[in-house]
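Numbering (our numbering), first residue to last: 115 to 263.
From the three backbone atoms N, C-alpha and C, an ideal C-beta is built for every residue, glycine too.
If you're wondering where the values come from, they're calculated on a predicted model, not measured in any experiment.
Notes to accompany the following structure.
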Ligand code: SF4
Ligand code: SF4
């Protein structure tokens, strides 16, 4: 990977390896979310996608994720305008908005555990959505985020 590529090249010019490395592995994008059609607000739940390994905050079947979870979203540079649904801490959103990576980001710290210690990842509070009935989802809302048009 090129040195400090995230500062030197636009997202569209990153290699596939660089693009993947930009993910800090927080797992926040794998929490269940629902958007209110009227207000546009996004409700974020403490329930994680059934494929998320909550201990590592990584997808347990990344290669087949779109087959197994049709709602899983592929992040691409072309969809940068949609990145507002991602958490403010997300590295893709940071770069897309011209912000710097956080010092705890593994690319800067060299330590993927620091992010967990900082409480940025979902480890420690998320639970699997597997087996949770939809009628119980409302009890799992942990944040409601306004999404501007
Ligand atoms: S929120 Fe962003 S940085 Fe965190 S796991 Fe998802 S894509 Fe990666
Ligand atoms: S399929 Fe994998 S990458 Fe997609 S939301 Fe679920 S855990 Fe995350």
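Is it true that the CB of residue j sits closer than 8 angstroms to the CB of residue i?
| i | j | result |
| --- | --- | --- |
| residue 201 | residue 149 | no |
| residue 209 | residue 136 | yes |
| residue 186 | residue 243 | no |
| residue 283 | residue 175 | This structure cannot speak to residue 283, because the chain is shown only from 115 to 263. |
At the level of alpha carbons, what is the spacing between residue i and residue j?
| i | j | result |
| --- | --- | --- |
| residue 246 | residue 161 | 9 angstroms |
| residue 223 | residue 259 | 29 angstroms |
| residue 80 | residue 154 | With the chain covering 115 to 263 only, the question about residue 80 has no answer from this structure. |
| residue 183 | residue 231 | 29 angstroms |
| residue 225 | residue 216 | 13 angstroms |
| residue 238 | residue 189 | 25 angstroms |
| residue 169 | residue 257 | 22 angstroms |
| residue 157 | residue 147 | 5 angstroms |
| residue 310 | residue 241 | Residue 310 is absent from the model: the chain starts at 115 and stops at 263. |
| residue 151 | residue 193 | 20 angstroms |
| residue 120 | residue 130 | 13 angstroms |
Once you ignore the five residues that flank residue i on each side, which residues in its own chain have a CB closer than 6 angstroms to its CB?
| i | result |
| --- | --- |
| residue 198 | 261 |
| residue 254 | 159, 160 and 161 |
| residue 207 | 197 and 200 |
| residue 132 | 115 and 119 |
Near residue i, which residues of its chain fall below 8 angstroms by C-beta distance, leaving aside the five closest residues on each side in sequence?
| i | result |
| --- | --- |
| residue 140 | 171, 201, 203, 204, 229, 234, 235 and 236 |
| residue 122 | 116 |
| residue 126 | 191 and 192 |
Sorted by chain position, which residues of the same chain lie with C-beta nearer than 7 angstroms to residue i's C-beta, five sequence neighbours on each side aside?
| i | result |
| --- | --- |
| residue 138 | 205, 219, 220 and 229 |
Assign residue i to one of three DSSP states: helix, strand, or coil.
| i | result |
| --- | --- |
| residue 172 | strand |
| residue 181 | helix |
| residue 253 | helix |
| residue 221 | helix |
| residue 216 | coil |
| residue 234 | coil |
| residue 209 | helix |
| residue 125 | helix |
> In chain order, what are the residues with a CB under 6 angstroms from some non-hydrogen atom of ligand 2?
Replying inline: 144, 163, 165, 166, 173, 179, 183 and 186
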